[in-house]
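The next block holds one structure in the form of structure tokens; read it before the comments.
In my numbering, the protein residues as written are 65 to 541.
If you want it as structure tokens, here you go:
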């Protein structure tokens, strides 16, 4: 028998005083028991108490209001006691009669005459069920309490993306909006966000864009709850207005610094170019080498400034990525054409492997930046007359894009951090110019798209960089 701080309450309703007393005495060993000799007395008592019993043991056949009548009342909208366990005591043996009793709302039945041990076991089972129900109700109550106390605005949605629950924080920021009502579709409150949520493939591939409500900006996060009976998903809205303002000011500051640095650097670079071109006369051998080094370092410094500025902008841009269908094969071919002069200058051969036209969901400009960085990286680390191979293939619900080279390769110990900021692999040969930020930028953009990124490499054989993005729906408009 379940044990609680307070004893469980059982009501026995039987028109036979002897049977009622027998049942009462048996159950009183473990429960608080009240006995009634007819159904009307039990219903009157039910109307007078604040807390119903945990279990009612009802005799089916009684004059006036029968046990089945009491059961139907408990389960009716008027009665409203679906949580009370009901055990019917009956002399009926036919299947249709048993079905009638269970259909009326009884949890279990026991045929008369019964054995005491069986009656006790069935009541115990009903009490255990009652305990489990209470625990579930308590868990739900605690969950709702936690949702209410969460500082972020929370909106619970059903499978049709209709609003099912709104916590206090959401009510506060959305006060006065008629669309914020339980049962109303999310599309009336946030149309653009609703469109993104309904497009499951886009939701899986891209972070949700910021939502502007009034004068405030909110960063949405969706959590799908596949096993939940209450909600299909929870949408949280975090106020990022001040953070976005700080990001914008920081980006403005970086832009000013980059501009102020690049202007004198470009001026110096121009003068070194003029010197190398012999405008001021032929340079002595030693001096020419020094000017070449200065020119190379100046260009590297300008490239570094540009990469720093790009990284600073990514923190803001990742929340503003455009969601569109991109023919990734066509974009790759376009990028290769733009970089063809670099390949021809090194006599590099390009092999394009593309089985079929494939489309992904993403920001075309940013994805072109990823391709440009990967291909440029391959050009840098591939010896003259080498081969660069690009490949676009379908992998399940994703599209994989890879850039392989026949260059120097990367040591196994370097692969773990090749995409880290300011990191470059040690190739053990002449130093290749660059900041080491190109792959970091690649990682930032791919991850902002919700994609995956990796590298396979072997020293002396070459490297293969790849990334995967969510495939676009074929019939997507």
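Positions of the beta carbon are idealized from the N, C-alpha and C atoms, including for glycine.
### Task
Could you say if the region 184-194 and the region 276-289 meet the contact criterion of at least three C-beta pairs nearer than 8 Å?
These segments do not touch.
### Task
Would you please state the rounded distance, in angstroms, between the beta carbons of residue 359 and residue 336? I believe it to be under 8 Å.
Contact between residue 359 and residue 336 holds, with the beta-carbon distance rounding to 4 Å and staying under 8 Å.
### Unbroken alpha helix (DSSP H) run spanning residue 444, endpoints
428-444 is the span of the alpha helix (DSSP H), which, as asked, contains residue 444.
### Message
Output needed for residue 413: all residues of its chain with C-beta closer than 7 Å, excluding positions within five of it in sequence on either side, in chain order.
### Response
Closer than 7 Å at the Cβ level, and outside the excluded window around residue 413, lie 451.
#### Entry: Which of helix, strand or coil DSSP assigns to residue 504
In the three-state DSSP reduction, residue 504 falls in the helix class (H, G or I).
### Task
Let me know the secondary structure DSSP gives residue 120 once reduced to three states.
Residue 120: strand per DSSP, three-state reduction.
### Task
Name the residue from 439, 425, 179 and 432 whose alpha carbon lies nearest to the alpha carbon of residue 407.
Looking at the Cα atoms, 439 is the closest of the given residues.
### Query
Is the region 468-482 touching the region 389-404 in the sense that three or more CB pairs, one from each, lie closer than 8 Å?
Cβ pair count under 8 Å is below three, so no.
#### Entry: Residues near residue 449 by beta carbon distance below 6 Å, same chain, minus five either side
Answer for residue 449: 411, listed in chain order.
### Query
Which full runs of the alpha helix (DSSP H) of 4+ residues lie inside the region 341-393, going along the chain?
The region 341-393 contains these whole alpha helix (DSSP H) runs: 349-381.
### Message
Can you give me the C-alpha to C-alpha distance between residue 470 and residue 220, rounded to a whole angstrom?
### Response
Cα-Cα distance, rounded: 52 Å.
### Query
Between residue 211 and residue 222, what straight-line distance do the alpha-carbon atoms span, to the nearest angstrom?
Cα to Cα, the separation comes out at about 16 Å.
### Query
Helix or strand or just coil, what does DSSP make of residue 98?
Of the three classes helix, strand and coil, the one that applies to residue 98 here is strand, per DSSP.
### Chain-order list of residues whose beta-carbon lies under 6 Å from that of residue 417 (same chain, five-residue window excluded)
Contacts found: 455.
### Task
May I ask you to report which of helix, strand or coil DSSP gives residue 411?
Under the three-state reduction of DSSP output, residue 411 falls in the coil class, being neither helix nor strand.
### Query
Helix, strand or coil: how does DSSP classify residue 71 here?
Residue 71 carries a coil assignment under DSSP once its states are collapsed to helix, strand and coil.
### Range of the contiguous alpha helix (DSSP H) that encloses residue 227
First-last for residue 227: 227-230, but that is the beta strand (DSSP E), not the alpha helix (DSSP H).
### Message
Tell me which residue opens and which closes the beta strand (DSSP E) that residue 458 is part of.
### Response
Taken as a continuous stretch (DSSP letters only), the beta strand (DSSP E) holding residue 458 covers 451-459.
### Message
For the beta strand (DSSP E) containing residue 519, name the first residue and the last one.
### Response
Residue 519: member of the beta strand (DSSP E) spanning 516-522, first to last residue.
### Message
Within a Cβ cutoff of 7 Å, which residues of the same chain sit near residue 73, ignoring the five residues on either side of it in sequence?
### Response
Cβ-Cβ distances below 7 Å link residue 73 to 95, 96, 117 and 118 in the same chain, with the five nearest sequence neighbours on each side left out; the list follows chain order.
### For residue 134, three-class secondary structure by DSSP
DSSP, reduced to helix, strand and coil, places residue 134 within a helical segment of the structure shown.
### For residue 266, three-class secondary structure by DSSP
In this predicted model, residue 266 has a pLDDT of only 43, less than 50, meaning its place in the structure is not dependable; the value taken from the coordinates is given anyway. It is helical.
### Same chain only: Cβ atoms within 7 Å of residue 329, ignoring 5 sequence neighbours per side
Excluding positions up to five away in sequence, the list reads 362, 365 and 366.
### Query
Three or more C-beta pairs closer than 8 Å, one from the region 502-513 and one from the region 425-439: is that the case here?
With the rule of 3 Cβ pairs closer than 8 Å, the region 502-513 counts as touching the region 425-439.
### Query
Taking DSSP as the reference, what is the three-state secondary structure of residue 218?
In this structure, DSSP gives residue 218 an extended state, which the three-state scheme calls strand.
### Message
Would residue 424 and residue 390 qualify as a contact pair, given that the criterion is a beta-carbon distance under 8 Å?
### Response
Against a cut-off of 8 Å, the Cβ pair of residue 390 and residue 424 comes out as a contact.
### Message
With three or more C-beta pairs closer than 8 Å as the rule, is the region 147-156 touching the region 120-133?
### Response
Because the criterion of three Cβ pairs below 8 Å is met, the region 120-133 and the region 147-156 touch.
### Query
Along the chain, where does the beta strand (DSSP E) that runs through residue 527 open and close?
Unbroken beta strand (DSSP E) run through residue 527: 526-534.
### Query
Just the Cα atoms here: how many angstroms apart are residue 507 and residue 297?
Inter-residue distance for residue 507 and residue 297 is about 29 Å (C-alpha atoms, whole angstroms).
### Query
Since residue 193 is in the alpha helix (DSSP H), which residue starts that stretch and which ends it?
Note, residue 193: alpha helix (DSSP H), 180-213.
### Query
Three-state secondary structure (DSSP) at residue 154?
It is a strand residue.
### Query
Are the Cβ atoms of residue 325 and residue 369 separated by less than 8 Å?
Cβ atoms of residue 325 and residue 369: closer than 8 Å.
### Query
Pick from 120, 246, 115 and 107: whose alpha carbon is nearest that of residue 87?
Selected option, being the one with the closest Cα: 120.
### Query
With residue 526 and residue 468 assumed to form a contact (beta carbons below 8 Å), what rounded beta-carbon distance in angstroms separates them?
Correct: roughly 6 Å between the Cβ atoms.
### Query
Would residue 78 be called buried (16 or more neighbouring beta carbons within 10 Å of its own) or exposed?
Buried.
### Task
Using the Cα positions of residue 235 and residue 229, report the straight-line distance between them to the nearest angstrom.
In this structure, the straight-line span from the alpha carbon of residue 235 to that of residue 229 is close to 10 Å.
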